[in-house]
Amino acid sequence: MFGNYINGEWVERGSTFENRNPANTGEVVGVFVKGTPQDVEDAAGAAAAALPAWSALSGPARGAILFKAADILDQRFEQVSAEMTREEGKTLPEAKGEVRRSINIFRYFAGEGSRMPGMIVPSERDRVHMFALRKPVGVVGLVTPWNFPSAIPAWKLAPALICGNTVVLKPASAAPLSAWRIVEALHEAGLPKGVVNFVAGSGGELGQALIQAKPLKAVSFTGSCQIGNWLHAEASKRRLRIQLEMGGKNPTIVLADADFNLAVENVANAAFFSTGQKCTATSRAIVEDAIYDRFVAALVERTRKLKVGDGMQPGVHIGPCVDEAQMNTVLRYIDIGRKEAGAPLIGGQRLTGDGYDQGYFVAPTIFSEVTEQMTIAQEEIFGPVLAVMRAKDFEDAMRIANNIPFGLSSSIQTTNLSRVFEYVYRSEAGLLTINLPSAGVEYQLPFGGTKDSSFGPKEQGPAAMEFYSDYKTVYIKY
Ligand code: NAP
Numbered sequence: 011m012f013g014n015y016i017n018g019e020w021v022e023r024g025s026t027f028e029n030r031n032p033a034n035t036g037e038v039v040g041v042f043v044k045g046t047p048q049d050v051e052d053a054a055g056a057a058a059a060a061l062p063a064w065s066a067l068s069g070p071a072r073g074a075i076l077f078k079a080a081d082i083l084d085q086r087f088e089q090v091s092a093e094m095t096r097e098e099g100k101t102l103p104e105a106k107g108e109v110r111r112s113i114n115i116f117r118y119f120a121g122e123g124s125r126m127p128g129m130i131v132p133s134e135r136d137r138v139h140m141f142a143l144r145k146p147v148g149v150v151g152l153v154t155p156w157n158f159p160s161a162i163p164a165w166k167l168a169p170a171l172i173c174g175n176t177v178v179l180k181p182a183s184a185a186p187l188s189a190w191r192i193v194e195a196l197h198e199a200g201l202p203k204g205v206v207n208f209v210a211g212s213g214g215e216l217g218q219a220l221i222q223a224k225p226l227k228a229v230s231f232t233g234s235c236q237i238g239n240w241l242h243a244e245a246s247k248r249r250l251r252i253q254l255e256m257g258g259k260n261p262t263i264v265l266a267d268a269d270f271n272l273a274v275e276n277v278a279n280a281a282f283f284s285t286g287q288k289c290t291a292t293s294r295a296i297v298e299d300a301i302y303d304r305f306v307a308a309l310v311e312r313t314r315k316l317k318v319g320d321g322m323q324p325g326v327h328i329g330p331c332v333d334e335a336q337m338n339t340v341l342r343y344i345d346i347g348r349k350e351a352g353a354p355l356i357g358g359q360r361l362t363g364d365g366y367d368q369g370y371f372v373a374p375t376i377f378s379e380v381t382e383q384m385t386i387a388q389e390e391i392f393g394p395v396l397a398v399m400r401a402k403d404f405e406d407a408m409r410i411a412n413n414i415p416f417g418l419s420s421s422i423q424t425t426n427l428s429r430v431f432e433y434v435y436r437s438e439a440g441l442l443t444i445n446l447p448s449a450g451v452e453y454q455l456p457f458g459g460t461k462d463s464s465f466g467p468k469e470q471g472p473a474a475m476e477f478y479s480d481y482k483t484v485y486i487k488y
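Under my numbering, the final residue of the sequence shown carries the number 488; numbering is consecutive throughout.
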């Protein structure tokens, strides 16, 4: 049984919910205590009580605890990675990559404790010393999705803590164990009681309590646009600071001058790895007319070689959808795609038999000749479904890529340097890759989108400190 963590105690009262393996639904990965609105209130109260002492601790002292938590997670690297595969479905190599990233994120922000960059500039006035130092925002609510069940909690928790804030974390119900392991590591590292509080349970039931918790000063949310926009409206009523990272409909432009094989590989990787359940996954491949037919044929052949199965098995490239609801959403969009664009060139169905019956497996699916107004070119599907679109030339491809309400990630495959720069300056996404998959980011630079995908300061890298801290500006006459 995995309890909630409130005021430094593991709380195991109340009803529970099961966390099941989406590759094998007969396997219960964990039984979690279902938090209540009262638990959220208690957690926020504990965070408020812990705030003065935690924020008064020096940055390096806070960093020392984060370094220790990273070491504890590192010691459990194999176990925690395997648990992630079992609760979320991504392949074991992908899970290992994510846990490694969480450890690195903790070490990166632990180091920020010794820097905590403020500002110091010369005054215009005689014998006046002026500077700005950082101070924490206060009690922060963190709400995270299931698709990166360790890295996203890590990239919110670590900067929040190093800046001296205290936290209430609400993980996704479909994959709470990876976040629980981080909280466990922080507990064992000696984090003072109340500094981090963890309440699992239904977002629909806990969300209202969180956003209304009196001590709360800020909320950082990653998830769907629907929930993010609701949280934003609620947070605005109280003038809470808010940061939202939400959906995308990310394009990869493939130009005729691209390194052809690399482009095929990058699109297949970005569209289908992690079962297409990355917010930065490519869901629209926009291919220049001159190579369209050849590219689509090669992409279909590459996709045919992808092995779908239980992510714990060696040689598997693509795991299941995270749960039945997500699988049904994907299958519904495939039906819509059939009506709009005709039969897919490959995939298009749930996989059954041959070890698939106990999981939520969907074959990687490619629709060709998709046009801009089709639903499958407009709406986020969040599964292994790719819409391939034909562009007359570079200008047409740029127009199609930007002609969408979202602006999370975007990619171009080209060997033409001028077009790379045209693309970099004119793309409306927040995260660009060139000759790489659209997904696959590092923690040392800002992360986040534009337009309907995101709201508020960026996450990760030095930019993360902006959301989790405030400036206090000081003038001294001496
Ligand atoms: P979701 O349904 O919006 O859930 C995200 C989190 O919000 C979960 O913890 C969920 O709890 C919670 N929640 C649900 N209703 C709530 C409410 N009324 N108040 C407060 N919290 C509530 O999203 P998801 O299905 O987990 O994740 C997939 C989405 O996340 C996709 O749209 C994807 O693009 C996006 N995403 C974006 C990024 C990015 O950086 N831009 C990164 C990863 C994922 P429950 O689990 O209990 O429902």
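All C-beta atoms, glycine included, are put in the ideal place defined by N, C-alpha and C.
Inter-residue spacing [alpha-carbon to alpha-carbon] between residue i and residue j
i, j, result
"V149", "T290", "29 Å"
"T101", "G325", "9 Å"
"P456", "F465", "14 Å"
"V177", "I162", "14 Å"
"A223", "N29", "27 Å"
"R135", "A59", "41 Å"
"S293", "P261", "6 Å"
"R137", "G45", "56 Å"
"P32", "R96", "7 Å"
"V153", "S230", "6 Å"
"L254", "G200", "30 Å"
"W156", "T381", "31 Å"
"A473", "P467", "7 Å"
"V451", "R436", "21 Å"
"S534", "G55", "Lying before the first or after the last residue shown, residue 534 is absent from the chain, which here runs from 11 to 488."
"Y481", "L216", "31 Å"
"T232", "P127", "26 Å"
"T375", "G358", "5 Å"
"E311", "D320", "22 Å"
"D81", "A168", "14 Å"
"G352", "M399", "14 Å"
"K227", "N239", "18 Å"
"L361", "T339", "15 Å"
"L446", "N276", "6 Å"
"P36", "C331", "As written in the sequence, residue 36 is Gly, which differs from the Pro given in the question. Cα to Cα, G36 sits roughly 15 Å from C331."
"V372", "G13", "33 Å"
"M256", "C235", "5 Å"
Residue i - partner residues in DSSP beta bridges
i, result
"I296", "I263, M399"
"S124", "DSSP, once it has assigned bridges, lists no residue as partnering S124."
"T424", "The partner list for T424 (beta bridge, DSSP) is empty, contrary to what the question assumes."
"E489", "Because the chain spans 11 through 488 in this model, residue 489 falls outside it and cannot be assessed."
"Y435", "Answer is none; Y435 lacks a bridge partner."
"R144", "Y481"
"F465", "L254"
"E28", "V41"
"N413", "According to DSSP, which records beta bridges pairwise, N413 is partnered with nothing at all."
"F457", "E469"
Heavy atom of the ligand NAP within 7 Å of residue i beta-carbon
i, result
"I162", "yes"
"L566", "Only positions 11 to 488 of the chain appear in this structure, which leaves residue 566 out of reach."
"C331", "no"
"K180", "yes"
"P155", "yes"
"E93", "no"
"F352", "Reading the sequence as shown, one finds Gly at residue 352 and not Phe. No; taking the cut-off as 7 Å, the Cβ of G352 has no heavy atom of the ligand NAP nearer than that."
"I237", "yes"
"M8", "Here the chain comprises residues numbered 11 to 488, so residue 8 is not present and cannot be evaluated."
"F392", "yes"
"A273", "no"
"L441", "no"
"G214", "yes"
"C173", "no"
"W190", "no"
"A184", "yes"
"T26", "no"
Any chain C beta carbon closer than 8 Å to residue i
i, result
"A168", "Within the model displayed, chain C is absent; a lone protein chain is all it includes."
Task: Segment contact, 8 Å Cβ cut-off, at least three pairs: the stretch 178-197 with the stretch 209-227 - done: The answer is yes - the stretch 209-227 touches the stretch 178-197, with three or more Cβ pairs under 8 Å.
Task: Three-pair Cβ contact test at 8 Å for the stretch 402-422 versus the stretch 360-375 - done: no
Open item on the list: Measuring CB atoms only, is the stretch 420-434 touching the stretch 191-200, in the sense that at least three cross pairs come out at less than 8 Å?
Closed with: no
Open item on the list: Pairs of beta-carbons, one from the stretch 389-398 and one from the stretch 277-284, closer than 8 Å: are there three or more?
Closed with: yes
Open item on the list: Any contact between the stretch 459-474 and the stretch 412-420? By contact I mean 3 or more CB pairs, one from each, below 8 Å.
Closed with: yes
Task: Contact between the stretch 77-95 and the stretch 232-247 (3+ Cβ pairs under 8 Å) - done: With a cut-off of 8 Å, the stretch 232-247 and the stretch 77-95 do not count as touching, because too few Cβ pairs lie within range.
Open item on the list: Under 8 Å, with one C-beta from each stretch per pair, do the stretch 85-95 and the stretch 57-72 reach the 3-pair mark?
Closed with: Touching, no.
- [ ] Note down, one range per segment and in chain order, each alpha helix (DSSP H) of at least 4 residues found wholly within the stretch 58-140.
- [x] 69-85, 87-98, 102-122
Open item on the list: My parser needs the alpha helix (DSSP H) runs of 4 or more residues fully inside the stretch 291-377; what are they?
Closed with: For the alpha helix (DSSP H) assignment, the uninterrupted runs of no fewer than 4 residues enclosed by the stretch 291-377 are, from N- to C-terminal side, 302-314, 334-351.
Open item on the list: Whether or not the stretch 106-117 and the stretch 83-93 are in contact is what I'm after, with contact meaning three or more pairs of Cβ atoms, one per stretch, closer than 8 Å; do they touch?
Closed with: yes
- [ ] Pick out the complete beta strand (DSSP E) segments inside the stretch 215-242, 3 residues or longer, and give them in chain order.
- [x] 226-232
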